[in-house]
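Peer 1:
Residue numbers (full-length UniProt numbering): 1 to 298.
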């Protein structure tokens, strides 16, 4: 609650026309969070569509700006009526009143609805009020992706992972019997998050030379270091002979990760072979660093 009060005090609170208030003129972590959430989509939906209001007495939620009825904001459902509204941030309780024959909408109009489109939207609004009902409790918020309406980190994290995995193909599998640092290094290499010399130059970091430290023949990049380099080729030839598998031909880094899928044997043999490939990648990188930073001969 303390952080909520701080954010509302600085950024404007519920008076803003957005789900989460943000004052663009102020930089900081909150602005970064809002920018990320605004650009985030989960299963084709904006993050704001997963937060739904549960109507109570209507004192807290905005009639036009909060998602509390239907699947879209009412300002988007009835845009012509919204343009006529003077107090666009009014609460539900200030807009809906109980009359003799049920609930009535009390709008603060700049003028009364008159056009065909405005009258059609007003009829739709009146039909909505037939299903309207206040309660004695306060307005509350629900996370629509959960059964009980409560937000929790685990299902949200699952959605984020599902959303992330839809946009990429991942060949690397984490092996429990291999060290975490080896798993992490291979994961970084698959997604080109690796500090090879060409990657450092792309980040505008000055490098005295671009040649591969292991063979000193061609420029260093991810493909050359682990596949095309003469030193790496000798290492993979020894590994194939030691594991009694046929020599392989790799054209990119992903071919190394798929090597275990192309050999015979049961799942345990494939699992062991996958771990050996991952450890070999780590050893090549460690050997490269030893020559660069410790001037060791290889």
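Even glycine gets a Cβ: it sits at the ideal position worked out from N, Cα and C.
Answer yes or no: do residue 47 and residue 40 have a C-beta to C-beta separation smaller than 7 Å?
Peer 2: Taking the first residue of the chain shown as 1, we reach residue 47 at position 47. Taking the first residue of the chain shown as 1, we reach residue 40 at position 40. Closer than 7 Å, so yes.
Peer 1: Are residue 284 and residue 232 closer than 7 Å when you measure CB to CB?
Peer 2: Within the chain shown, numbered from 1, the residue matching residue 284 stands at position 284. Within the chain shown, numbered from 1, the residue matching residue 232 stands at position 232. Yes.
Peer 1: Along the chain, which unbroken stretches of the beta strand (DSSP E) at least 3 residues long are found entirely within the segment 120-199?
Peer 2: Counting only runs of 3 or more, we get 140-143.
Peer 1: Applying the criterion that 16 or more other CB atoms from any shown protein chain within 10 Å of the CB defines a buried residue, is residue 124 buried or exposed?
Peer 2: Counted from its first residue, the chain shown places residue 124 at position 124. Label assigned to residue 124: exposed.
Peer 1: Within its chain, find whatever has a CB closer than 8 Å to the CB of residue 11; leave out the 5 residues flanking it on each side and keep chain order.
Peer 2: Sequence index remark: in the chain shown, residue 11 carries index 11 (1-based). Contacts found: 21, 22, 23, 26 and 30.
Peer 1: Over what stretch of residues does the beta strand (DSSP E) that includes residue 105 continue unbroken?
Peer 2: Looking up residue 105 in the chain shown gives position 105. Unbroken beta strand (DSSP E) run through residue 105: 102-105.
Peer 1: Using the rule of at least 16 other Cβ atoms within 10 Å of the residue's Cβ for burial, across every protein chain shown, is residue 92 buried or exposed?
Peer 2: Here residue 92 corresponds to residue number 92 of the chain shown, with the count starting at 1. Residue 92 should be labelled buried.
Peer 1: Looking only at its own chain, which residues have a Cβ that is under 7 Å from the Cβ of residue 69, when we skip the five neighbours before and after it?
Peer 2: Locating residue 69 in the chain shown gives position 69, counting from the first residue. So the list reads 128, once near-sequence residues are dropped.
Peer 1: Here's the rule: buried if 16 or more other CB atoms are within 10 angstroms of the residue's CB, otherwise exposed. What is residue 122?
Peer 2: Mapped onto the chain shown, residue 122 falls at position 122. Counting Cβ neighbours within 10 Å, residue 122 comes out buried, since at least 16 surround it.
Peer 1: List the whole-angstrom C-beta distance separating residue 288 from residue 214, where the pair is believed to meet the contact cut-off of C-beta under 8 Å.
Peer 2: Taking the first residue of the chain shown as position 1, residue 288 is located at position 288. Taking the first residue of the chain shown as position 1, residue 214 is located at position 214. Right, their Cβ atoms sit about 6 Å apart.
Peer 1: Thinking C-alpha only, which one of 72, 62, 67 and 75 is nearest residue 95?
Peer 2: Position 95 of the chain shown, counted from the start, is the residue given in the question as residue 95. Here the closest residue by C-alpha is 62.
Peer 1: Kindly list the residues whose CB is nearer than 6 Å to the CB of residue 52, restricted to its own chain and excluding five residues on each side of it in sequence; keep chain order.
Peer 2: The count along the chain shown starts at 1 and reaches residue 52 at position 52. Excluding positions up to five away in sequence, the list reads 67, 142 and 144.
Peer 1: Hey, which unbroken runs of the beta strand (DSSP E) at 3 residues or more fall wholly within the segment 33-92?
Peer 2: Counting only runs of 3 or more, we get 51-54.
Peer 1: Apart from the five residues just before and just after residue 9, which ones in its own chain have a Cβ nearer than 8 Å to its Cβ?
Peer 2: Reading the chain shown from its first residue, position 9 is the one you call residue 9. Excluding residues within five positions, none has a Cβ falling inside 8 Å.
Peer 1: Taking contact to mean 3 or more Cβ pairs, one atom from each stretch, closer than 8 Å, check whether the segment 198-207 and the segment 255-266 are in contact.
Peer 2: Output reads no: the segment 255-266 does not touch the segment 198-207.
Peer 1: Whole angstroms is fine: what's the gap from residue 269's alpha carbon to residue 254's?
Peer 2: Walking along the chain shown from the start, residue 269 turns up at place 269. Walking along the chain shown from the start, residue 254 turns up at place 254. Cα to Cα, the separation comes out at about 19 Å.
Peer 1: Under a Cβ-count criterion, where at least 16 other Cβ atoms within 10 Å of its own Cβ denotes burial, should residue 281 be classed as buried or exposed?
Peer 2: Here the question's residue 281 lines up with position 281 in the chain shown. Buried, because 16 or more other Cβ atoms sit within 10 Å of the Cβ of residue 281.
Peer 1: Which residue's Cα is closest to the Cα of residue 175: 159, 297 and 279?
Peer 2: Against the chain shown, residue 175 aligns to sequence position 175. Here the closest residue by C-alpha is 279.
Peer 1: Beta-carbon within less than 8 Å of residue 54's beta-carbon, same chain only, minus the 5 sequence neighbours each way: which residues are those?
Peer 2: Residue numbering aside, residue 54 sits at position 54 when the chain shown is read from its first letter. Counting only Cβ-Cβ distances below 8 Å, and skipping sequence neighbours, we find 68, 139, 140, 141, 142 and 149.
Peer 1: Determine which residues share a DSSP beta bridge with residue 99 and list them.
Peer 2: For this step, residue 99 is matched to residue 99 along the chain shown. Paired residues: 102.
Peer 1: Judging by CA-CA distance, which residue of 290, 49 and 277 is the nearest neighbour of residue 179?
Peer 2: If you number the chain shown from 1, residue 179 lands on position 179. For residue 179, the nearest C-alpha among the options comes from 277.
Peer 1: Quick check: the Cα distance between residue 230 and residue 207, rounded to an integer number of angstroms?
Peer 2: Walking along the chain shown from the start, residue 230 turns up at place 230. Walking along the chain shown from the start, residue 207 turns up at place 207. Approximately 22 Å between the Cα atoms of the pair.
Peer 1: Residues in its own chain within less than 7 Å of residue 235 by CB, not counting five upstream and five downstream?
Peer 2: Residue numbering aside, residue 235 sits at position 235 when the chain shown is read from its first letter. Contacts found: 280 and 284.
Peer 1: Measure the alpha-carbon distance for residue 84 versus residue 136 and round it to whole angstroms.
Peer 2: Reading the chain shown from its first residue, position 84 is the one you call residue 84. Reading the chain shown from its first residue, position 136 is the one you call residue 136. The alpha-carbon atoms of residue 84 and residue 136 are separated by roughly 30 Å.
Peer 1: With a CB to CB cut of under 8 Å and the five nearest residues on each side skipped, what residues in its chain are close to residue 90?
Peer 2: Position 90 of the chain shown, counting from 1, holds the residue named residue 90. Closer than 8 Å at Cβ, skipping near neighbours: 62, 63, 64 and 108.
Peer 1: Hey, how far is the Cα of residue 252 from the Cα of residue 158?
Peer 2: Position 252 of the chain shown, counted from the start, is the residue given in the question as residue 252. Position 158 of the chain shown, counted from the start, is the residue given in the question as residue 158. Going from the Cα of residue 252 to the Cα of residue 158 covers about 30 Å.
Peer 1: Measuring straight from C-alpha to C-alpha, what distance separates residue 43 and residue 151?
Peer 2: Stepping through the chain shown from its first residue, residue 43 is reached at position 43. Stepping through the chain shown from its first residue, residue 151 is reached at position 151. Cα-Cα distance, rounded: 17 Å.
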